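A quick write-up on the structure given underneath.
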Amino acid sequence: MRLFRHLVSWALALFLIAMFVQATIYPLPNPPEGSVKFFDPPGTNIVFQTLAERSGQTLFEPAGRILTGVLELVAALFLLFPFTRRFGAIISATILGAAVAFHLSPWLGREVPLSLAPGETATDGGMLFMLAIIMLVSSLLVLVVHPGRAD
């Protein structure tokens, strides 16, 4: 049973790490415009610019975007090592809980626009919201599944 818990813990942690790295630095070539936290020019990240425009709070873009990216990379680092994995899962669950809360607020909504261009009405169909929920559940599962020292 302990081996199964280790394997599930590793699988969930690697999934979360991959998603956080993809969202912050996007190591693959040709990232989608407006979706990389660290390399988007100020005012071009779709999620954080939408939050800034709809809430009237200019702190969301770029300061909130950079802070969120740093926290995501810190969580990914803690998730990488088994002895800090639970702490990384707590950080991850906190970040993703906030993401789900923003998606449920009128500031962002469940469907995020695909472009910041004026008159553009296409949305992602709720895919980013669903990903945030899946990642939140994965973070909470890491807290439950990851074997402790006494196990």
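In terms of our numbering, the sequence shown opens at residue 128 and continues consecutively.
Cβ atoms here follow ideal geometry from the backbone N, Cα and C, with glycine treated the same way.
A quick note: this is a predicted structure, and the numbers were derived from the prediction, not measured.
Measuring only the C-alpha atoms, how far is residue i from residue j?
| i | j | result |
| --- | --- | --- |
| L243 | E188 | 13 angstroms |
| S136 | A202 | 15 angstroms |
| T177 | A138 | 33 angstroms |
| R181 | L268 | 33 angstroms |
| T285 | A179 | Residue 285 is absent from the model: the chain starts at 128 and stops at 278. |
| A216 | P240 | 29 angstroms |
| A145 | F229 | 22 angstroms |
| G196 | I152 | 9 angstroms |
| P159 | V174 | 13 angstroms |
| R129 | L194 | 36 angstroms |
| G275 | L231 | 34 angstroms |
| L141 | K164 | 20 angstroms |
Would DSSP call residue i helix, strand or coil?
| i | result |
| --- | --- |
| M257 | helix |
| L267 | helix |
| H133 | helix |
| M262 | helix |
| L155 | coil |
| M128 | coil |
Starting from the C-beta of residue i, find all residues in its chain whose C-beta is less than 6 angstroms away, skip the five residues before and the five after it, and write them out in chain order.
| i | result |
| --- | --- |
| S162 | none |
| W234 | L178, R181, S182 |
If you drop the 5 nearest sequence neighbours on each side, which residues of the same chain put their C-beta closer than 7 angstroms to that of residue i?
| i | result |
| --- | --- |
| S219 | L143, A202, L206, S266 |
| E199 | F147, A150, T151, I222 |
Near residue i, what residues of its chain come up, given a Cβ to Cβ distance below 8 angstroms and the 5 sequence neighbours on each side ignored?
| i | result |
| --- | --- |
| E238 | T250, D251, G252, G253, F256 |
| V272 | R132, V135, S136, L139 |
| P154 | V148 |
| F210 | none |
Hey, is residue i's beta-carbon within less than 7 angstroms of any beta-carbon in chain C?
| i | result |
| --- | --- |
| L186 | You won't find chain C in this structure, because it holds only one protein chain. |
In chain order, which alpha helix (DSSP H) runs of at least 4 residues are fully inside the segment 164-251?
Secondary structure in the segment 164-251: the alpha helix (DSSP H) runs of 4 residues or longer, each lying completely within the stretch, are 173-182, 190-207, 212-231 in chain order.
I'd like to know if the segment 258-265 and the segment 221-229 are in contact, where contact means that at least 3 CB-CB pairs between them fall below 8 angstroms.
Contact holds: three or more Cβ-Cβ distances are below 8 angstroms.
Cβ contact check for the segment 155-170 and the segment 189-199: 3 or more pairs under 8 angstroms:
Yes: the two stretches touch, three or more of their Cβ pairs being nearer than 8 angstroms.
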